[in-house]
Structure formats: C-alpha cells, structure tokens
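The block underneath contains the structure these notes are about, expressed in structure tokens.
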Amino acid sequence: MEMLRDLDDRELTEESAILDFVHHYYADLYAQTAESVAEIREQDRALNFVHQRVTEEENRCLTEAPGAEELRKTVKSLPLEKSPGEDGLPVEVLRELWDEVSMGCLQFIQE
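The sequence shown begins at -3 in this note's numbering and counts up by one.
Put into structure tokens, the structure is as follows:
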C-alpha cells in the first residue's frame, strides 16, 4: 500500500504512519468500553425472553426462495459504486440490464 487517507482525509504515505493509523483505528474500533460490556449483558438478558425454537410457519418463511418482486426490490436497494461480488458484475450493470437478466437470476436463486 502506497497511500492511505486517515479520518481527517490526510494522505499517509510513510509505511510507519500507515501502520500506526491502521493499528490505532482497529484498536479503537474493537475496544470494549464499560458501556459496551453493559449493553452486551443487557442484550443477553433480553434474549432470555426470546423463544429459541422456530415455528413451522417461521421456518417456511425463512427458507422459501424469494419471488420476482422481492428480488427486484433487493437489487434496487443495493448500494451503488461498490466493488462487484463474486460474479464480477457491479450493481449498476445488474440494474441497467435487469429486464434482460431478471428471469435468469430468479431461476438461479430458486434452484
């Protein structure tokens, strides 16, 4: 890596500065504060009231393949200007050619 922008949009070009920034960024990101530990404990207590078994109806809804409308809405909601997925197609191409490729996508997903 030759250059990295920090949170203040400054260019870091020296290897030591880049490594220092990355180290501190992730250390801060994953640091547990007293509040975050308390929040996790509160969430754990709340989860004790959640049923741990999925009903037949919930299972059916969770496992059925999406329909054409759900797939269209999902593609429309995907963020633009992101790296393409495993298929190599950016979302912009998928949206532009949606009328031509939608049925093939739907058949692939439903199989």
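Just so it is clear, CB atoms sit at the ideal spot from N, CA and C, and this is done for glycine as well.
query                                                                                            : result
Name the one or two DSSP bridge partners that Glu38 has.                                         : Glu38 is not bridged to any residue.
Using 8 Å for Cβ pairs, my map puts Gln103 next to Ala61. What's the rounded Cβ distance?        : Contact doesn't hold; Cβ gap of about 10 Å is too wide.
Comparing C-alpha positions only, which one of Val71, Glu77, Ala27 sits nearest to Leu90?        : Val71
What is the rounded straight-line gap between the Cα of Thr9 and the Cα of Val18?                : 13 Å
In terms of residue numbering, what span does the alpha helix (DSSP H) encompassing Ser12 cover? : 11 to 26
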